[in-house]
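Have a look at the structure below, then the notes.
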Amino acid sequence: MGPKLKTDRRLKLKMRVWIFFLICLAGTTLAAPTEEEPVVEEETFVEGEPIVEEEPVVEEEPEVGANPVQVETGEFDEAIEIVEDFIAENPCLNHHCKKGKVCEVDDSNQPMCVCQDPLTCPAPVGEFEHICGTDNKTYESSCHFFATKCALEGTKKGHKLHLDYIGPCKLIAPCLNNELNEFPLRMRDWLKNVLVALFERDEENNLLTEKQKLRVKKIYENEKRLEAGEHSLDLLALDFEKNYNMYIYPVHWQFGQLDQHPIDGFLSHTELAPLRAPLIPMEHCTTSFFEHCDADKDKYIALEEWANCFGIKEQDIDNDLVI
Ligand SMILES: [Ca+2]
Ligand SMILES: [Ca+2]
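Under mature numbering (1 follows the signal peptide of the UniProt record, and there is no 0), the residues of the sequence shown are numbered -31 to -1, 1 to 292, in order.
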């Protein structure tokens, strides 16, 4: 009884953290610092990346003669002119660089992105800003990590280096086969509970679209719904069997939340990062689970692979549910 209780309590805590995290995830865009750099294995992805995660560190060098005193005391027209000059002569102002890079101006006044010096990264506030890289090294912050990765660009080491998880590197226990089988049971239930929680608190937040709300409402109002809480794996498995239909939408929904850069029906390592990175330190089967999901081992998780991982039947996989 003792160890079981302990396990249950641990699971409960994990569940709370997990739900909180997913709510945050849904409430914001996926451009949190948890997100890995937009560079995917293929070069082609780099150019098409959305501009969500730029860190335009712009060096605002005050132009000679444009000091604040002059602007305040001078003629109004003149002040405007100064501002315009300032913008025109700062090619970096509208030049965005991906994570790990900053904009600099070359000899012909053209903006270019160069690797950021890790020494210029802001000092981390606490351990929670630390990042564990796939090289099993702890980086002070994501800024330090991406700056280091940038410096390794073009090398084999740099190509292999990814953000593994949030927090300092620690020993992650190997995932046993039976644990791997339990993982989707809990995750599926959490996804459903997260959606219901979003629905309940959606009044002001608009966390869900109208279409999404209609779908979740059906789950929310279903009396047979297994309430959020700690449940044995047996009960979770039984509920999945009995109330299978309630799980179809949450699994699709999560896929849609992650498939954003680009929206193409595939999850890259980078797109999975917002879900994976905070989860790994809490759930030691996370990495194995996502590796296992990529059934054809092409490094992308297709919707079919994702749904399959969560036990959704092939005939129930529906692209329309993702949007
Ligand atoms: Ca994608
Ligand atoms: Ca795949």
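Beta carbons: idealized from backbone N, C-alpha and C, even for Gly.
Task: Where Asp285 falls: helix, strand or coil (DSSP) - done: As a first step, residue 285 is located in the sequence shown; it is residue number 316 there, counting from the start. Helix.
Open item on the list: According to DSSP, simplified to helix, strand and coil, what is Glu109?
Closed with: Taking the sequence shown and counting its residues from 1, the one referred to as residue 109 is at position 140. It is coil, neither helix nor strand.
Open item on the list: Using a Cβ distance threshold of 8 Å, determine whether the segment 94 to 112 contacts the segment 145 to 165, with at least three qualifying pairs required.
Closed with: no
Open item on the list: For residue 295 and Asn105, what's the separation of their Cα atoms in angstroms?
Closed with: There is no way to answer for residue 295, as the model of the chain reaches only from -31 to 292.
Open item on the list: My output table needs one value for Thr42: the three-state DSSP class, helix, strand or coil.
Closed with: Locating residue 42 in the sequence shown gives position 73, where the first residue counts as 1. Any reading at Thr42 is ruled out, since the residue's pLDDT is 36, under 50, leaving its predicted position unreliable.
TODO: From the DSSP output, in three-state form, read off Ala271 for me.
DONE: Translated into the one-based positions of the sequence shown, residue 271 becomes position 302. Strand, per DSSP.
- [ ] Give the secondary structure of Cys278 by DSSP, where H, G and I count as helix, E and B as strand, and everything else as coil.
- [x] Translated into positions along the sequence shown, residue 278 becomes position 309. Residue state, collapsed to three classes: helix.
Open item on the list: Do Tyr218 and Arg157 count as a contact pair if the criterion is CB distance below 8 Å?
Closed with: Looking up residue 157 in the sequence shown gives position 188. Looking up residue 218 in the sequence shown gives position 249. No, the Cβ-Cβ distance between Arg157 and Tyr218 is not below 8 Å.
Open item on the list: Restricting to runs no shorter than 4 residues, where is the alpha helix (DSSP H) found entirely within the segment 142 to 202?
Closed with: 146 to 169, 171 to 174 and 179 to 190
Open item on the list: Please identify the residue among Glu210, Val71 and Leu183 whose C-alpha is closest to the C-alpha of Leu195.
Closed with: Looking up residue 195 in the sequence shown gives position 226. Here the closest residue by C-alpha is Glu210.
TODO: Assign Ile100 to one of three DSSP states: helix, strand, or coil.
DONE: As a position in the sequence shown, residue 100 is number 131, starting the count at 1. DSSP places Ile100 in strand when its eight states are reduced to three.
Task: Cβ neighbour criterion (16 or more within 10 Å) applied to Leu88 - done: What you label residue 88 is simply residue 119 of the sequence shown in a count that begins at 1. Exposed, by the Cβ-count rule.
- [ ] Could you tell me whether the Cβ atoms of Cys292 and Val220 are closer together than 8 Å?
- [x] For the purposes of this step, residue 292 is taken as residue 323 along the sequence shown, with counting starting at 1. For the purposes of this step, residue 220 is taken as residue 251 along the sequence shown, with counting starting at 1. One detail in the question is off: residue 292 reads as Ile in this sequence, not Cys. Result no, Cβ atoms of Ile292 and Val220 do not sit closer than 8 Å.
Open item on the list: Is Ile281 near ligand 2 - that is, is its Cβ less than 7 Å away from at least one heavy atom of it?
Closed with: The residue given as residue 281 occupies position 312 in the sequence shown. It does not: the Cβ of Ile281 is nowhere closer than 7 Å to a heavy atom of ligand 2.
Task: First and last residue of the uninterrupted alpha helix (DSSP H) at Cys254 - done: In the sequence shown, residue 254 corresponds to position 285, counting from 1. No alpha helix (DSSP H) holds Cys254; DSSP gives it neither H nor E.
TODO: Can you have a look at Gly95 and say buried or exposed, based on whether 16 or more other CB atoms are within 10 angstroms of its CB?
DONE: Counting from 1 along the sequence shown, the entry for residue 95 is found at position 126. The residue is exposed, with fewer than 16 neighbouring Cβ atoms inside 10 Å.
Open item on the list: Against chain C, does Ser201 count as a neighbour if the rule is that its beta carbon must be under 8 Å from one of theirs?
Closed with: Looking at the structure shown, chain C is missing, and only one protein chain is on hand.
- [ ] Return yes when the Cβ of Cys84 is within less than 8 Å of the Cβ of Glu61, no when it is not.
- [x] Locating residue 61 in the sequence shown gives position 92, counting from the first residue. Locating residue 84 in the sequence shown gives position 115, counting from the first residue. A small correction: the amino acid at residue 61 is Cys; Glu does not occupy that position in the sequence shown. Cβ atoms of Cys61 and Cys84: not closer than 8 Å.
- [ ] Might you give, ordered along the chain, the residues of its own chain that have their beta carbon closer than 6 Å to the beta carbon of residue 293, omitting 5 neighbours on each side?
- [x] The first residue shown for the chain is -31 and the last is 292, placing residue 293 beyond what the model contains.
Task: Same chain only: Cβ atoms within 7 Å of Gln223, ignoring 5 sequence neighbours per side - done: Looking up residue 223 in the sequence shown gives position 254. Around Gln223: Leu160.
Open item on the list: Classify Asp287: buried if its beta carbon has 16 or more other beta carbons within 10 angstroms, exposed otherwise.
Closed with: To locate residue 287, count along the sequence shown from 1; it is residue 318. Result: exposed.
Task: Segment limits, alpha helix (DSSP H) that includes Ile217 - done: Taking the sequence shown and counting its residues from 1, one reaches residue 217 at position 248. Run containing Ile217: Tyr213 to Leu227, per the alpha helix (DSSP H) assignment.
Open item on the list: When you measure from the CB of Ile270 to every non-hydrogen atom of ligand 1, does any distance come out below 7 Å?
Closed with: What you label residue 270 is simply residue 301 of the sequence shown in a count that begins at 1. Outside the cutoff, so no.
- [ ] Could you tell me the distance, in whole angstroms, from the CA atom of Leu227 to the CA atom of Ala246?
- [x] Residue numbering aside, residue 227 sits at position 258 when the sequence shown is read from its first letter. Residue numbering aside, residue 246 sits at position 277 when the sequence shown is read from its first letter. Their backbone Cα atoms lie some 13 Å apart in a straight line.
Task: Distance, Asp285 Cα to Ala92 Cα - done: By 1-based counting over the sequence shown, the position of residue 92 is 123. By 1-based counting over the sequence shown, the position of residue 285 is 316. So the alpha carbons of these two residues sit roughly 48 Å apart.
Open item on the list: Tell me whether Asp240, by its Cβ, gets closer than 7 Å to a heavy atom of ligand 2.
Closed with: The residue you call residue 240 lines up with position 271 of the sequence shown. At residue 240 the sequence reads Glu, which differs from the Asp that was named. No, since every heavy atom of ligand 2 falls outside the 7 Å radius drawn around the Cβ of Glu240.
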